[in-house]
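>
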Amino acid sequence: KRKIAVMTSGGDSPGMNSAVRAVVRAGIYYGCDVYAVYEGYEGLLQGGDLLRKMEWQDVRGWLSEGGTLIGTARCMGFKERKGRKQAAANLITQGIDALVVCGGDGSLTGADLFRSEWPSLVEELVNDGVFTAERVEPYRNLKIVGLVGSIDNDMSGTDSTIGAYSALERICEMVDYIDATAKSHSRAFVVEVMGRHCGWLALMAGIATGADYIFIPERAAPAGEWQAELKKVCQAHRDKGRRNNTVIVAEGALDNNLKSITAEEVKDALVDLGLDTKITTLGHVQRGGTAVAHDRWLATLQGVDAVKAILEMTPETPSPLIGILENKIIRVPLMESVKLTKSVATAIESQDFDKAISLRDTEFIE
Ligand code: F6P
Numbered sequence: 202k203r204k205i206a207v208m209t210s211g212g213d214s215p216g217m218n219s220a221v222r223a224v225v226r227a228g229i230y231y232g233c234d235v236y237a238v239y240e241g242y243e244g245l246l247q248g249g250d251l252l253r254k255m256e257w258q259d260v261r262g263w264l265s266e267g268g269t270l271i272g273t274a275r276c277m278g279f280k281e282r283k284g285r286k287q288a289a290a291n292l293i294t295q296g297i298d299a300l301v302v303c304g305g306d307g308s309l310t311g312a313d314l315f316r317s318e319w320p321s322l323v324e325e326l327v328n329d330g331v332f333t334a335e336r337v338e339p340y341r342n343l344k345i346v347g348l349v350g351s352i353d354n355d356m357s358g359t360d361s362t363i364g365a366y367s368a369l370e371r372i373c374e375m376v377d378y379i380d381a382t383a384k385s386h387s388r389a390f391v392v393e394v395m396g397r398h399c400g401w402l403a404l405m406a407g408i409a410t411g412a413d414y415i416f417i418p419e420r421a422a423p424a425g426e427w428q429a430e431l432k433k434v435c436q437a438h439r440d441k442g443r444r445n446n447t448v449i450v451a452e453g454a455l456d457n458n459l460k461s462i463t464a465e466e467v468k469d470a471l472v473d474l475g476l477d478t479k480i481t482t483l484g485h486v487q488r489g490g491t492a493v494a495h496d497r498w499l500a501t502l503q504g505v506d507a508v509k510a511i512l513e514m515t516p517e518t519p520s521p522l523i524g525i526l527e528n529k530i531i532r533v534p535l536m537e538s539v540k541l542t543k544s545v546a547t548a549i550e551s552q553d554f555d556k557a558i559s560l561r562d563t564e565f566i567e
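For the sequence shown, the residue numbers in the UniProt record's numbering are 202 to 567.
1) Is the Cβ of Asp469 closer than 9 Å to any Cβ of chain D?
2) Measuring CB atoms only, is the segment 435 to 452 touching the segment 384 to 403, in the sense that at least three cross pairs come out at less than 8 Å?
3) Which same chain residues, not among the five before or five after Arg203, have their C-beta less than 6 Å away from its C-beta?
4) In the DSSP assignment, what residue or residues form a beta bridge with Thr447?
5) Scan the segment 210 to 279 and note each continuous beta strand (DSSP E) run of 3 residues or more that stays entirely inside, going in chain order.
6) Compute every distance between the C-beta of Met217 and the non-hydrogen atoms of the ligand F6P, then say whether any falls below 8 Å.
7) Cβ of Ile352 versus every heavy atom of the ligand F6P: is any distance shorter than 8 Å?
8) Going by CA-CA distance only, name the one from Val391, Ser367, Ala424 that's closest to Leu402.
9) If you measure between the beta carbons of Ala389 and Asn446, is that distance less than 9 Å?
10) Just reading off the beta strand (DSSP E) that Lys344 is part of, what are its end residues?
11) Nearest to Ile480 by CA position, among Leu471, Arg488, Val486, is which residue?
12) Thinking Thr501 and Ala223 are a contact (beta carbons under 8 Å), I'd like their distance in whole angstroms, please.
13) Tell me which residues share the same chain as residue 180 and place their Cβ nearer than 7 Å to its Cβ, disregarding the 5 neighbours each side in the sequence.
14) Counting only runs that start and end within the segment 475 to 539, where is the beta strand (DSSP E) found for 3 or more residues in a row?
15) At a threshold of 8 Å, does Met375 count as lining the ligand F6P (C-beta to nearest heavy atom)?
16) Tell me where the beta strand (DSSP E) around Val301 begins and ends.
17) Looking at Met395 and the ligand F6P, is the gap between the Cβ and the nearest heavy atom below 8 Å?
18) Judging by CA-CA distance, which residue of Asp259, Thr273, Arg371, Ala290 is the nearest neighbour of Arg488?
19) Pull up the distance between the alpha-carbon of Gly364 and that of Arg532, whole angstroms please.
20) CB-CB under 8 Å to Ala510, same chain, minus the five flanking residues each way: which ones, in chain order?
21) Check whether the Cβ atoms of Leu314 and Arg275 lie closer than 9 Å to each other.
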């Protein structure tokens, strides 16, 4: 019987439980045994009780659970070949040769590296006398499929990542709360949101809440000049009768000298304008909580396709990433997507902001 494992890795994101549930149930539906790897890559390294066979009922009710119920961890051991060799031994011991990883670009890159090393790791395990050649024969190749679980929506080649719309929803809800108290006191608020090097959450939240101003990494603000522009815009809105100001700052916001723009600096500019100004850093409330419907169905459809992809893959098929493009679930080469995602950072560093945006939007058609 075919054995598949599913794991979550990197920062948790709402919808990861829906993805695990879908992989478990689709796997069982297609006649496979499905294992959950608990605690991310740490679970692969330690094996034993962290590699658990899942039954249909084990994932009951998971659609409405926040976080990741199988845990996640940042694992240094898996970054070393020695750790990956141990992980390969643990998988072969259980008879698993296919892995669905739900995580960000770092976790998915690690997974693809594991796949490319796998044949040599297996060979070493035979040479070390851990397994006989006959024992490993059915496991000469590892299949990897990636699902992007991240609130940041920072992966090229897919329109949305699992968790991004849930975090966006939470941010909008929080900004609405903030706006109510801000209007009461005629205050200005600087709201710092997550997103790492990506401004998607800040931009979409700013549009959805009607913020006065938004700072994002992909559109660096002119150093030494943005303060005057910000003040002009906020004052213009006050002149039109607005009782409050909301400025959304992405945590990765930059000026065009590639220096971070901090919430404190933004506050200073608004105070200079004479506004009673407060800062709210939303933090991890953005990441916790239950998934919105979008992330639940996205993770479910992608989880089912991940199992199908595993069953269809040959050793030559490049590891696929299951994405979504114009409302259709698609498969794109995982490493192509990772490469494009990395080139966004390079474009930002060289201040080619239009290129950064177009690279993030680059689409693959199968
Ligand atoms: O990648 C998801 C994310 O929430 C980012 O938006 C943020 O920069 C980072 O993870 C925070 O990581 P941690 O929870 O380890 O502090």
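We put the CB at the ideal spot given by N, CA and C, even for glycine.
Here the structure is a predicted model, which is why all the values come from computation and not from measurement.
Quick answer:
1) Structure shown: chain D not included; a single protein chain is present.
2) yes
3) Cys233
4) Under DSSP, the beta-bridge partners assigned to Thr447 are Phe390.
5) If we require 3 residues or more, the beta strand (DSSP E) runs fully inside the segment 210 to 279 come out as 234 to 238, 252 to 255.
6) Annotation for Met217 indicates a beta carbon at 8 Å or more from all heavy atoms of the ligand F6P.
7) yes
8) Ser367
9) yes
10) 344 to 349
11) The shortest Cα separation from Ile480 among Leu471, Arg488, Val486 belongs to Leu471.
12) 5 Å
13) The structure shown does not extend to residue 180, since the chain is modelled only from 202 through 567, so no value can be given for it.
14) 478 to 482, 521 to 526, 529 to 534
15) no
16) Start and end: 299 to 304.
17) yes
18) Of Asp259, Thr273, Arg371, Ala290, the residue nearest in Cα terms is Arg371.
19) 19 Å
20) Val346, Pro521, Ile523, Arg532
21) Going by C-beta atoms, Leu314 is not nearer than 9 Å to Arg275.
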